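Residues 0 to 209, numbered by numbering that gives the first Met the number 0, are exactly what the sequence shown covers, in order. We put the CB at the ideal spot given by N, CA and C, even for glycine. In this text, all values refer to a predicted model and were calculated from it rather than measured experimentally. The structure appears below as structure tokens.
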Amino acid sequence: MDYRQIPAIFVADALGLDFLNSVATPVDEEVDWISDGEGLLAWLEQAGMVPGEALAAMRAQSEPAELDAVAEQARALREWFRGFVRERKGRPLAAGDVRELAPLNRLLERDERYGEIVAADTNAESTFEFRSNRRWKSPESLLTPIAEALARLVCDEDFTHVKACEGPRCTLMFADHTRGHARRWCSMAICGNRAKAAAHRKRLKEREAS
Ligand SMILES: [Zn+2]
Numbered sequence: 000m001d002y003r004q005i006p007a008i009f010v011a012d013a014l015g016l017d018f019l020n021s022v023a024t025p026v027d028e029e030v031d032w033i034s035d036g037e038g039l040l041a042w043l044e045q046a047g048m049v050p051g052e053a054l055a056a057m058r059a060q061s062e063p064a065e066l067d068a069v070a071e072q073a074r075a076l077r078e079w080f081r082g083f084v085r086e087r088k089g090r091p092l093a094a095g096d097v098r099e100l101a102p103l104n105r106l107l108e109r110d111e112r113y114g115e116i117v118a119a120d121t122n123a124e125s126t127f128e129f130r131s132n133r134r135w136k137s138p139e140s141l142l143t144p145i146a147e148a149l150a151r152l153v154c155d156e157d158f159t160h161v162k163a164c165e166g167p168r169c170t171l172m173f174a175d176h177t178r179g180h181a182r183r184w185c186s187m188a189i190c191g192n193r194a195k196a197a198a199h200r201k202r203l204k205e206r207e208a209s
């Protein structure tokens, strides 16, 4: 199914997991929101990872084939990282896991950040604000904010509460930040209601049988 027909899914409560969820089967067919360069640009904008004007400049100065190639790299990064998370979710990460994360560190090394002092809103406490910006030199630079989101996931998130949705055919993952850590579904709209309907049908059938 064409990703343009359906909005990307941001239900993970952690941007790094939202990135893994950029391929999903929300209805019957699989949708990959980063299946090409345009898709990647649109997804990055929806995720708030790259400013709109930087994306517009990137689109203007790059060949579609270059952007498609970066989308391919992003998909490879996604599937590699999915393996890492699937193997380790549900328990705390171990220090030794850092060895597996070397590819992420290599991507992070390329980051071109710089700071900027800007005037704050008139009613803000301080006169100035420190803003963190990035240089977007090449299409590959689009991978750095993704690498940062994945790095933040492993650094900031307790993997004990990283879960896969219990929907039987659902591939979505999320960080369970609910108080009792009782979250079971990617979202009520996608899988929660489906599960409720299935339970309801089962109860009806049991009632008919008795
Ligand atoms: Zn689900």
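Let me check one thing: in DSSP terms, what residues is residue i bridge-paired to?
| i | result |
| --- | --- |
| residue 173 | 162 |
| residue 31 | 22 |
| residue 128 | 117 |
| residue 112 | 133 |
Relative to the C-alpha of residue i, which residue among the options is closest?
| i | options | result |
| --- | --- | --- |
| residue 151 | 129, 170 and 174 | 174 |
| residue 49 | 146, 102, 153 and 180 | 146 |
| residue 168 | 179, 191, 51 and 102 | 191 |
| residue 116 | 165, 128 and 4 | 128 |
| residue 133 | 53, 126, 112 and 125 | 112 |
| residue 155 | 13, 5 and 0 | 13 |
| residue 189 | 199, 23 and 52 | 23 |
Less than 8 angstroms between the C-beta atoms of residue i and residue j, yes or no?
| i | j | result |
| --- | --- | --- |
| residue 19 | residue 40 | no |
| residue 157 | residue 91 | yes |
| residue 10 | residue 186 | yes |
| residue 2 | residue 47 | no |
| residue 77 | residue 21 | yes |
| residue 177 | residue 89 | no |
| residue 43 | residue 103 | no |
| residue 56 | residue 135 | yes |
| residue 45 | residue 101 | no |
| residue 165 | residue 183 | yes |
| residue 97 | residue 161 | no |
Is residue i near ligand 1, judged by its Cβ being under 7 angstroms from some heavy atom?
| i | result |
| --- | --- |
| residue 190 | yes |
| residue 171 | yes |
| residue 79 | no |
| residue 166 | yes |
| residue 154 | no |
| residue 135 | no |
| residue 32 | no |
| residue 184 | yes |
So does the region 67 to 81 actually touch the region 133 to 153, counting three or more Cβ pairs closer than 8 angstroms?
yes
Contact between the region 171 to 189 and the region 12 to 26 is defined here as three or more beta-carbon pairs at a separation below 8 angstroms; is this criterion met?
yes
For the region 28 to 46 against the region 116 to 131, are there 3 or more C-beta pairs whose distance is under 8 angstroms?
no
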